[in-house]
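> Before I ask anything, let me first share the structure, which is written out below as structure tokens.
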Ligand SMILES: [Zn+2]
């Protein structure tokens, strides 16, 4: 049996989901299905309310034939109330491929009920994309799934747990 809210696998004797603390609900009929759906929606909105995910963007200039980092700033990728389960919100920023041999990371800053933390998501050379964009959706077990998209190709580059008692 799975948690009706975050889909974490539950033991039969648990009254609450150990991950998100949503009550364990069994044997729901059609009439009550709608009530449970509403409970899940309200509970999820409440859990996500304080979330804001910012992305660090970099500006480069060409100096003597080499690209030099000139400036960086954070832009907001998404806020908790905008998040949808498995449906990414795409950021308006378009990424250009930086010709470079060094490893590339996506730098994020997450604010949540657990406080604030920096997250570095490594991007492998296979993921290096031209004119790519970045998106975020809500995943199962209250994670934020971060995607890169180039053309029709969508790659998940990381899953970030957002609840207070989970994750690093
Ligand atoms: Zn749960």
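Numbering (the working numbering), first residue to last: 62 to 229. No residue lacks a Cβ here, since even glycine has one placed at the ideal position from N, Cα and C.
1. Take the Cβ of residue 65 as the centre, count every other Cβ of all protein chains shown within 10 Å, and call the residue buried at 16 or more, exposed below.
2. Could you please give me the residues that DSSP links to residue 173 through a beta bridge?
3. So residue 210 is in the beta strand (DSSP E); what residue range does that whole segment cover?
4. Does ligand 1 have a heavy atom nearer than 6 Å to the CB of residue 83?
5. Am I right that residue 183 and residue 204 are in contact with their C-beta atoms under 8 Å? What's the rounded C-beta distance?
6. Under the assumption that residue 211 contacts residue 148 (Cβ atoms under 8 Å), give the Cβ distance between them as a whole number of angstroms.
7. Quick one: is the Cβ of residue 80 within less than 6 Å of any heavy atom of ligand 1?
8. Closer than 6 Å to a non-hydrogen atom of ligand 2 - does that hold for the CB of residue 66?
Let me lay it out:
1. Sequence index remark: in the chain shown, residue 65 carries index 4 (1-based). Flag for residue 65 reads buried.
2. Along the chain shown, read from residue 1 onward, the residue named residue 173 stands at position 112. In DSSP, residue 173 forms a bridge with 176.
3. Position 149 of the chain shown, counted from the first residue, corresponds to residue 210. In the DSSP assignment, residue 210 falls within the unbroken beta strand (DSSP E) covering 204-211.
4. Here residue 83 is taken as the residue at index 22 of the chain shown, counted from 1. At least one heavy atom of ligand 1 sits closer than 6 Å to the Cβ of residue 83.
5. In the chain shown, the residue the question calls residue 183 occupies position 122. In the chain shown, the residue the question calls residue 204 occupies position 143. So it is not a contact: roughly 17 Å between Cβ atoms.
6. As a position in the chain shown, residue 211 is number 150, starting the count at 1. As a position in the chain shown, residue 148 is number 87, starting the count at 1. The Cβ separation is near 19 Å, so there is no contact.
7. For the purposes of this step, residue 80 is identified with residue 19 of the chain shown, where counting begins at 1. Under cutoff, so the answer is yes.
8. Looking for ligand 2 in the displayed structure turns up nothing; the ligands present are ligand 1.
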